[in-house]
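What follows is a short report on a single structure.
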Amino acid sequence: MAHRAQRPADEVNGNPVAVIGAGWAGLTAALVLSRAGRKVVLIEAAAMPGGRARTVHSDGARLDNGQHILVGACRHALSQMRAVGVNPLLALHPVPFRLLMRRRVSGGAAESFLLAPRSTRTRDLGAAFYEASRDAGLPRRLLGLAGAWRMLHRPLTRDLPVADWLRANAQPSGLRERVWEPLCLAVMNTPPAEASARVFQSVLRQSLLAGDGPARLLIPRRPLGELFAEPALQQLRTLGASIRLATRVRGIEARGGDGFLLTLRGGETLAAGQVVLAAAQRSAARLLPAEPVLDPLRRDLVELGERSICTVYLRYAKAPPELPPLIGLLGQHGQWLVPRRLVGDPHWLSVVISAADQYPMPDADSRWRRVGRELAQTLPGLGEPQQGRVICERMATLDARPGLDDRRPDTRTPLPGLYLAGDFCARGLPSTLEAAVQSGQKAAAAAITDGIPDLVRAAG
Ligand SMILES: Cc1cc2nc3c(=O)[nH]c(=O)nc-3n(C[C@H](O)[C@H](O)[C@H](O)COP(=O)(O)OP(=O)(O)OC[C@H]3O[C@@H](n4cnc5c(N)ncnc54)[C@H](O)[C@@H]3O)c2cc1C
Numbered sequence: 011m012a013h014r015a016q017r018p019a020d021e022v023n024g025n026p027v028a029v030i031g032a033g034w035a036g037l038t039a040a041l042v043l044s045r046a047g048r049k050v051v052l053i054e055a056a057a058m059p060g061g062r063a064r065t066v067h068s069d070g071a072r073l074d075n076g077q078h079i080l081v082g083a084c085r086h087a088l089s090q091m092r093a094v095g096v097n098p099l100l101a102l103h104p105v106p107f108r109l110l111m112r113r114r115v116s117g118g119a120a121e122s123f124l125l126a127p128r129s130t131r132t133r134d135l136g137a138a139f140y141e142a143s144r145d146a147g148l149p150r151r152l153l154g155l156a157g158a159w160r161m162l163h164r165p166l167t168r169d170l171p172v173a174d175w176l177r178a179n180a181q182p183s184g185l186r187e188r189v190w191e192p193l194c195l196a197v198m199n200t201p202p203a204e205a206s207a208r209v210f211q212s213v214l215r216q217s218l219l220a221g222d223g224p225a226r227l228l229i230p231r232r233p234l235g236e237l238f239a240e241p242a243l244q245q246l247r248t249l250g251a252s253i254r255l256a257t258r259v260r261g262i263e264a265r266g267g268d269g270f271l272l273t274l275r276g277g278e279t280l281a282a283g284q285v286v287l288a289a290a291q292r293s294a295a296r297l298l299p300a301e302p303v304l305d306p307l308r309r310d311l312v313e314l315g316e317r318s319i320c321t322v323y324l325r326y327a328k329a330p331p332e333l334p335p336l337i338g339l340l341g342q343h344g345q346w347l348v349p350r351r352l353v354g355d356p357h358w359l360s361v362v363i364s365a366a367d368q369y370p371m372p373d374a375d376s377r378w379r380r381v382g383r384e385l386a387q388t389l390p391g392l393g394e395p396q397q398g399r400v401i402c403e404r405m406a407t408l409d410a411r412p413g414l415d416d417r418r419p420d421t422r423t424p425l426p427g428l429y430l431a432g433d434f435c436a437r438g439l440p441s442t443l444e445a446a447v448q449s450g451q452k453a454a455a456a457a458i459t460d461g462i463p464d465l466v467r468a469a470g
């Protein structure tokens, strides 16, 4: 989209760049702008930073609003963590790409399945996929292997649901049910029958095809807030940014090429030279100035849709024995188990339920009790939890259906000086921390570039 140079850079009229939202996208944008010497005001509705990746204090327990996992391919997110003084080698526990899955079977026993390629080289991945499809006859296993190669190596020219893509590539049921479908649900937070194969393929290619390092899973060793949001806020303060927590932006008014006027909770107003709108897609749609030129964007943002995630936290009277850092759960309400031992809370286990809107429960109590019961049958010796907490995020991620990338907005809006940032902007990625960080960097870079002609004019 053509974009004319933005007039009121902060150095020109004294107004700051306003960044709305202190999730990973907004924090990144604010950091990049501040490091470039721009005057920044960061405004966040909540009392703490982090957005959808924040620490939650619940009855004395320090939990996260959702169990988060990164992969080595999250280059931008990892480098932003480093830039605020967090060492990913200490803050994240690396696990080579491997999947350990457990299924409950009647009579109290449980079966395990392990996909453990020696490396992510084609030969080793192929051997692991071949082994994973052992239930099928030889011709189907070979066909499945050729299909898996195509899935990883031939970029898709048209988008389709993941389930159809797996079928078109002759994936045997063992491989589908134990590997691709659970992975799709976890990565895309959208069921395989509805998820975009193109975005899923893009994630697989960026991680599995990029080598052992990028394919590595990185499990937090610290509460989410400490991974980025809290140190980022600290650095922003040091850089002189103004931080307004617990301050909701009620509206943004465009002042006809002379910047913006923000209305804050309580009626206070704030003038801004440029605005980076880093609220999630639905809030961003509500906040866009009431200019007709923004109407199509407003509609597109709402149409991106949302999916929920529930995280069930279970506390055991006696700390469970040391378990692998990630266990896939097949055929039950919970989908992935991540012990909280790594974050220093050995009595707690967390269990993730992606696309939770598909798996309704009458209430939180029934949800954690059911997950606890099924887990006790899956991991003999674990017993039943003493206590449970459920955190459901109704708008956890985008609804990552086919055609998602075509619907995603550019960081530059049709209104000069107004930029979008957020996981919903980053093409080729589902809603992730990496997507949020990439979008924040891009929005800040655009705001800086567009401000330069004015600086040159002002200097001349
Ligand atoms: C339960 C759960 C599990 C997840 N698991 C993973 C995972 O394993 N790996 C991964 O990479 N990603 C995961 N994600 C996704 C990841 O958390 C998001 O993609 C990322 O945090 C989005 O960051 P963001 O900055 O784009 O948006 P947000 O974090 O939503 O930030 C937007 C901010 O804007 C603020 N805001 C909104 N409206 C206003 C207003 N009017 N005024 C001021 N402020 C406003 C909000 O309060 C919020 O802080 C998960 C998400 C959830 C919820």
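Going left to right, the sequence shown walks through residues 11 to 470 as our numbering numbers them. Positions of the beta carbon are idealized from the N, C-alpha and C atoms, including for glycine.
{"query": "Beta-carbon proximity check, Asn-75 vs Glu-403, cutoff 8 Å", "result": "yes"}
{"query": "Ligand 1 heavy atom lying under 7 Å from the CB of Glu-316", "result": "no"}
{"query": "Per-residue burial, Ser-432 [other beta carbons within 10 Å of its own, 16 or more giving buried]", "result": "The sequence given here has Gly at residue 432, not Ser. The residue in question, Gly-432, is buried, as its Cβ has 16 or more Cβ neighbours within 10 Å."}
{"query": "Rounded C-alpha distance that separates Arg-467 from Arg-422", "result": "Unreliable positioning characterises Arg-467 in this predicted model, as indicated by a pLDDT of 49, which lies under 50. The coordinate reading is nonetheless provided below. Each residue's alpha carbon lies about 22 Å from the other."}
{"query": "First and last residue of the uninterrupted beta strand (DSSP E) at Gln-397", "result": "397-408"}
{"query": "Gly-95 classed as buried or exposed, judged by whether at least 16 other C-beta atoms fall within 10 angstroms", "result": "exposed"}
{"query": "Nearest-angstrom Cα separation, counted from Asp-169 out to Gln-396", "result": "46 Å"}
{"query": "Between the CA atoms of Leu-430 and Ala-300 - distance to the nearest angstrom", "result": "16 Å"}
{"query": "As assigned by DSSP and simplified to three states, the class of Val-22", "result": "Residue placement at Val-22 cannot be trusted, given a pLDDT of 42 that sits under 50; what the coordinates show is reported in the next sentence. If DSSP states are grouped into helix, strand and coil, Val-22 belongs with the helices."}
{"query": "Neighbourhood of Leu-271 by C-beta distance below 7 Å, restricted to the same chain and skipping five residues each side", "result": "Glu-263, Arg-265, Thr-279 and Ala-281"}
{"query": "Backbone CA spacing between Leu-109 and Arg-260 [nearest angstrom]", "result": "45 Å"}
{"query": "Sequence-distant residues of the same chain with beta carbon closer than 7 Å to Ala-39, five excluded per side", "result": "Val-29, Val-286, Ala-288, Ala-431, Gly-450, Ala-453 and Ala-454"}
{"query": "Three-state secondary structure (DSSP) of Ala-35", "result": "helix"}
{"query": "Length at least 3, wholly inside the region 107-151: the beta strand (DSSP E) runs in chain order", "result": "109-114 and 120-125"}
{"query": "Residues sharing a beta bridge with Gly-338, DSSP", "result": "Met-111 and Trp-346"}
{"query": "Alpha-carbon to alpha-carbon, Ile-53 and Arg-258", "result": "7 Å"}
{"query": "Closer than 7 Å: Val-478 CB and nearest ligand 1 heavy atom", "result": "An answer regarding residue 478 cannot be provided, because it is not within the stretch 11 to 470 covered by the chain."}
{"query": "Cβ pair Gly-184, Ala-126 closer than 8 Å", "result": "no"}
{"query": "Contiguous alpha helix (DSSP H) assignments of at least 4 residues, all confined to the region 234-264", "result": "234-237 and 239-248"}
{"query": "Where the alpha helix (DSSP H) through Gln-291 begins and ends", "result": "291-297"}
{"query": "Pairwise C-alpha distance: Arg-296 and Gly-250", "result": "29 Å"}
{"query": "Where Thr-459 falls, given that 16 or more other Cβ within 10 Å makes a residue buried", "result": "exposed"}
{"query": "Within 8 Å, strictly: CB atoms of Gly-136 and Leu-155", "result": "yes"}
{"query": "Burial state of His-67, where buried means 16 or more other Cβ atoms lie within 10 Å", "result": "exposed"}
{"query": "Bounding residues of the alpha helix (DSSP H) (the contiguous stretch that carries Val-197)", "result": "191-198"}
{"query": "Asp-433 beta carbon near ligand 1 (any heavy atom closer than 7 Å)", "result": "yes"}
{"query": "Start and end residues, alpha helix (DSSP H) containing Glu-384", "result": "374-388"}
{"query": "Residue-level contact to chain C via CB, Thr-200, 8 Å cutoff", "result": "Of the chains in the structure shown, none is chain C; there is only one protein chain."}
{"query": "Alpha-carbon spacing of Ala-87 relative to Gln-448, whole angstroms", "result": "8 Å"}
{"query": "Counted within 10 angstroms of its Cβ, other Cβ atoms place Pro-302 as buried (16 or more) or exposed", "result": "exposed"}
{"query": "Stretch-stretch touch, CB-based, cutoff 8 Å, three pairs: the region 95-106 with the region 317-331", "result": "no"}
{"query": "Three-state secondary structure assigned by DSSP to Ala-455", "result": "helix"}
{"query": "Leu-166 versus Gly-221 - alpha carbon distance", "result": "21 Å"}
{"query": "Check: Gly-61 C-beta below 7 Å from any heavy atom of ligand 1", "result": "yes"}
{"query": "Check: Ala-288 C-beta below 7 Å from any heavy atom of ligand 1", "result": "yes"}
{"query": "Those residues which DSSP pairs with Gly-325 across a bridge", "result": "According to the sequence displayed, residue 325 carries Arg and not Gly. Its beta-bridge partners are Trp-358 and Gln-397."}
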